[in-house]
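Asker:
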Amino acid sequence: MQSQLYLVSLLIISVAVLLFLIMKLKLHAFVSLLIVSMLTAIAAGMPIQSIMGTIQSGMGGTLGFISVVVGLGAMFGQMLEVSGGAERLARTLIKSFGKDKAAWALGLAGFIISIPVFFDVGFIILVPLVYSLSKETKKSLLHYGIPLLAGLAVTHAFVPPTPGPVAVAQLVGADLGKVILFGIIAGIPAMIIAGPVFGKFIGERIYADIPDYMSFDDSIITKDDKDLPSFSLIITLILIPIVLILLNTSATVFLPEGNSLRNIVSFIGHPFSALTIATVLAFITLGKHKGLSREEVSKVATAALAPTGLILLVTGAGGIFKQVLTDSNIGKMLAEGLASSSMNPIILAFLIATVVRVAAGSATVAMMTAGGIMAPLLPAFNVEPALVVIAIASGATVLSHVNDSGFWLVNRYFGISEKDTLKSWTVMETLIGIVGLISALILSIFIK
1 MQSQLYLVSL LIISVAVLLF LIMKLKLHAF VSLLIVSMLT AIAAGMPIQS
51 IMGTIQSGMG GTLGFISVVV GLGAMFGQML EVSGGAERLA RTLIKSFGKD
101 KAAWALGLAG FIISIPVFFD VGFIILVPLV YSLSKETKKS LLHYGIPLLA
151 GLAVTHAFVP PTPGPVAVAQ LVGADLGKVI LFGIIAGIPA MIIAGPVFGK
201 FIGERIYADI PDYMSFDDSI ITKDDKDLPS FSLIITLILI PIVLILLNTS
251 ATVFLPEGNS LRNIVSFIGH PFSALTIATV LAFITLGKHK GLSREEVSKV
301 ATAALAPTGL ILLVTGAGGI FKQVLTDSNI GKMLAEGLAS SSMNPIILAF
351 LIATVVRVAA GSATVAMMTA GGIMAPLLPA FNVEPALVVI AIASGATVLS
401 HVNDSGFWLV NRYFGISEKD TLKSWTVMET LIGIVGLISA LILSIFIK
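Counting in our numbering, the sequence shown runs from 1 upward without gaps.
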């Protein structure tokens, strides 16, 4: 067995090589993770004949769960987008809150919508509302845009079935119901502080008007309500999988093993069943409302799967890296060293994700790398894995800057300078991550 110092040094070098391949050589994250996993296995002294088996095991073990959840979630979110469900939810909340508190309504709308809909899609769908409100009130786009972005970013990072937290939960062996519960608990204060509160603050200091190069399509504002699905239907569809998964988690805690009710609830509340039920109901109800034929609904579902390929490959490669760390004993040796130290595993998870996030720019790569490193360490600590997921998601959110696509999305749609994007978007993302970390640390005091 290699010395502990050597294996720890090897892990640090592996992460450095990964960042070099992605940042300097511009090699795709999937290929970079695959190469680094192979080189790490060889350098750790793993038998050559067993390395490919480890790679296959890591890829298959991760994607066996992730692919089903991400695929179903993508189809569900696509139906919500195509049917106008996201617009309905946002418009109803703004009407309920009133124009004076529209920023809070947009934060809440983003928080709910980003559970089934990808972050960038949700933003592009709803940014006309931000334009309209800013034009009507003469306030900065940031006054309304930051709350929307914060709501979208929080649940995209913290609450399944979005790919990031689902993937990390699978890597570290966290219960998905607990991740949802703790993600919502940590996400609400993060959304409030980074959204309406910070949005009001920064909106008074940076005035952003609708850019001249953006064609403002007000169809989302003028569209007749009867063309949109009902608010109650959209909320019900979004809540169905969340409630079923949480019921499954509750059943495992409060009902004895072998209990008939527990078995039934566990089956229905498994993420596969819960998302299948919600997706089929979305196909039927939203498809009927939109007047789509069965063939057209099938085309919508197929189109939803196109962007998931990249996510699944990078996620699978993260699983490979984790398996290499496990089979090579790097994780075990590092765990033994950290177990005798005072390092809090939640803080460690946050810091690892933060380093990769800042260097590589990709939140997905940051989450997969941190999840792969933390997975073999957790047995040595008395910590709830779901809280580690929140910590990793928090670290993968902070300090977004010029190497992150989200930075430029905000920069372009709000027509602000790079300096002002750093002052607004980057600070917002960092507030989300810091509040998420603090929430995870507070929860860890009561939950073991």
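We treat Cβ as the ideally placed atom computed from N, Cα and C, and that holds for glycine.
From a predicted model like this one, the values you see are computed outputs, not experimental measurements.
1. Counting only the same chain and skipping the five closest in sequence on each side, list residues whose C-beta sits under 6 Å from that of Val297.
2. How should Ala29 be labelled, buried or exposed, when 16 other C-beta atoms within 10 angstroms of its C-beta is the threshold for buried?
3. Starting from the C-beta of Val154, find all residues in its chain whose C-beta is less than 7 Å away, skip the five residues before and the five after it, and write them out in chain order.
4. Counting only the same chain and skipping the five closest in sequence on each side, list residues whose C-beta sits under 8 Å from that of Pro307.
5. Buried or exposed: which applies to Gln78, given that a residue is buried once 16 or more other Cβ atoms fall within 10 Å of its Cβ?
6. So does the segment 354 to 365 actually touch the segment 146 to 166, counting three or more Cβ pairs closer than 8 Å?
7. On the premise that Leu377 lies in contact with Pro385, defined as a C-beta separation below 8 Å, what is that separation, rounded to the nearest angstrom?
8. From what residue to what residue does the alpha helix (DSSP H) around Ser394 run?
9. Measuring alpha carbon to alpha carbon, tell me which residue in Ala391, Leu72, Ile434 and Ile94 is nearest Ser273.
10. Taking only runs that begin and end inside the segment 226 to 261, name each unbroken alpha helix (DSSP H) of 4 or more residues, in chain order.
11. Mark Pro256 as exposed unless 16 or more other C-beta atoms lie within 10 angstroms of its C-beta, in which case mark it buried.
12. Return the chain-ordered ranges of every alpha helix (DSSP H) run that is complete within the segment 277 to 364 and spans a minimum of 4 residues.
13. Quick one, are the C-beta atoms of Ala330 and Ala44 less than 7 Å apart?
14. If we ignore side chains and look at the alpha-carbon of each, how far apart do Ala90 and Ala41 end up?
15. When you compare only the Cα positions, how much space is there between Glu429 and Gly203?
16. Helix or strand or just coil, what does DSSP make of Val159?
17. Let's test the definition: count the other Cβ atoms within 10 Å of the Cβ of Glu418 and tell me whether it reaches 16, buried, or not, exposed.
18. Looking only at its chain, what residues have a beta carbon closer than 6 Å to the beta carbon of Leu181, apart from the 5 residues adjacent to it on each side?
19. Between the beta-carbon of Gly98 and the beta-carbon of Gly319, is there less than 7 Å?
20. Ala208 and Phe414 - do their beta-carbons sit closer together than 7 Å?
21. Just reading off the alpha helix (DSSP H) that Val69 is part of, what are its end residues?
Answerer: Walking through what the data contain:
1. Correct list, in chain order: Phe283 and Gly287.
2. A residue is called buried once 16 or more other Cβ atoms fall within 10 Å of its Cβ, and Ala29 is buried on that count.
3. Closer than 7 Å at Cβ, skipping near neighbours: Phe111, Gly187, Ala190, Met191 and Ile432.
4. Ala74 and Phe118
5. buried
6. yes
7. With a Cβ gap of about 11 Å, Pro385 and Leu377 do not count as contacting.
8. Pro385 to Gly395 is the extent of the alpha helix (DSSP H) around Ser394.
9. The shortest Cα separation from Ser273 among Ala391, Leu72, Ile434 and Ile94 belongs to Leu72.
10. 231 to 254
11. Classification of Pro256: exposed, given that the 10 Å Cβ count is below 16.
12. Within the segment 277 to 364, the complete alpha helix (DSSP H) runs of at least 4 residues are 294 to 305, 308 to 327, 330 to 339 and 345 to 360.
13. The residue asked about is misnamed: residue 330 is Ile in this sequence, not Ala. Yes, these two residues count as a Cβ contact at 7 Å.
14. 49 Å
15. 16 Å
16. In the structure shown, the three-state DSSP call for Val159 is coil.
17. exposed
18. none
19. No, the pair does not count as a contact, with Cβ atoms beyond the cut-off.
20. Their beta carbons are under 7 Å apart, which means Phe414 touches Ala208 by this criterion.
21. Ile48 to Ser83
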